[in-house]
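Peer 1: Take the sequence shown: its letters are residues 114 to 207, numbered as in the numbering used here. By construction, the Cβ of each residue, glycine as well, lies at the ideal position given by its N, Cα and C atoms. Handing you a structure now.
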Amino acid sequence: MKKIEDIAERLIAERKKQNLSQKDMRMLIGMSQQQYQRVESGQDLKVSTLLRILAGLRLELSITDPDQAESSQTVEPSRPADDFWSNKNKHLED
Numbered sequence: 114m115k116k117i118e119d120i121a122e123r124l125i126a127e128r129k130k131q132n133l134s135q136k137d138m139r140m141l142i143g144m145s146q147q148q149y150q151r152v153e154s155g156q157d158l159k160v161s162t163l164l165r166i167l168a169g170l171r172l173e174l175s176i177t178d179p180d181q182a183e184s185s186q187t188v189e190p191s192r193p194a195d196d197f198w199s200n201k202n203k204h205l206e207d
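In structure tokens:
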């Protein structure tokens, strides 16, 4: 990936893969609607913001040698999407 827009597209794909809406994602990471929309449109992406979003998706940032970049394009989430809300709401149980 060489452009911010490429990263934004990848973040959108990963969010959708985990069945999260933009609102779900924003609430999970504590970000305003305006700020999150700027990220997904490729307009605003600080490293700290990227790390925050990756943590919310349970993904990690990996820096690779450009010659080996093709082999590192697949990212697997570390949790099933179906368990997302059940795990987030455990603290609300009696």
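1) Taking only runs of the beta strand (DSSP E) that begin and end inside the segment 135–184, which ones reach a length of at least 3 residues, in chain order?
2) By a C-beta neighbour count over all protein chains shown, 10 Å radius and 16 as the cutoff for buried, is GLY143 buried or exposed?
3) Classify ILE166: buried if its beta carbon has 16 or more other beta carbons within 10 angstroms, exposed otherwise.
4) Express the C-alpha separation of GLN156 and LEU174 in angstroms, rounding to a whole number.
5) Where do the N-terminal and C-terminal ends of the alpha helix (DSSP H) with LYS129 fall, by residue?
6) What's the call for LEU170, buried or exposed, on a 16-neighbour Cβ count within 10 Å?
7) Suppose the cutoff is 6 Å on Cβ atoms and the five residues either side in sequence are ignored; what does the same chain contact list for ASP207 look like?
Peer 2: So, from the data block:
1) None, since the segment 135–184 contains no complete beta strand (DSSP E) of that length.
2) As a first step, residue 143 must be located in the sequence shown, where it is residue number 30. Exposed, by the Cβ-count rule.
3) Against the sequence shown, residue 166 aligns to sequence position 53. Answer is buried; the Cβ neighbour count reaches 16.
4) The residue given as residue 174 occupies position 61 in the sequence shown. The residue given as residue 156 occupies position 43 in the sequence shown. Pairing LEU174 with GLN156, the inter-Cα distance amounts to about 19 Å.
5) Here residue 129 refers to the residue found at position 16 of the sequence shown. Counting along the chain, the alpha helix (DSSP H) containing LYS129 begins and ends at 117–130.
6) For the purposes of this step, residue 170 is taken as residue 57 along the sequence shown, with counting starting at 1. Per the 10 Å Cβ criterion, buried.
7) The residue given as residue 207 occupies position 94 in the sequence shown. Only weak support is given to the placement of ASP207: the predicted model assigns it a pLDDT of 47, under 50, and the value that follows is read from those uncertain coordinates. Exclusion of the five residues before and after ASP207 leaves no residue of its chain whose Cβ lies closer than 6 Å to its Cβ.
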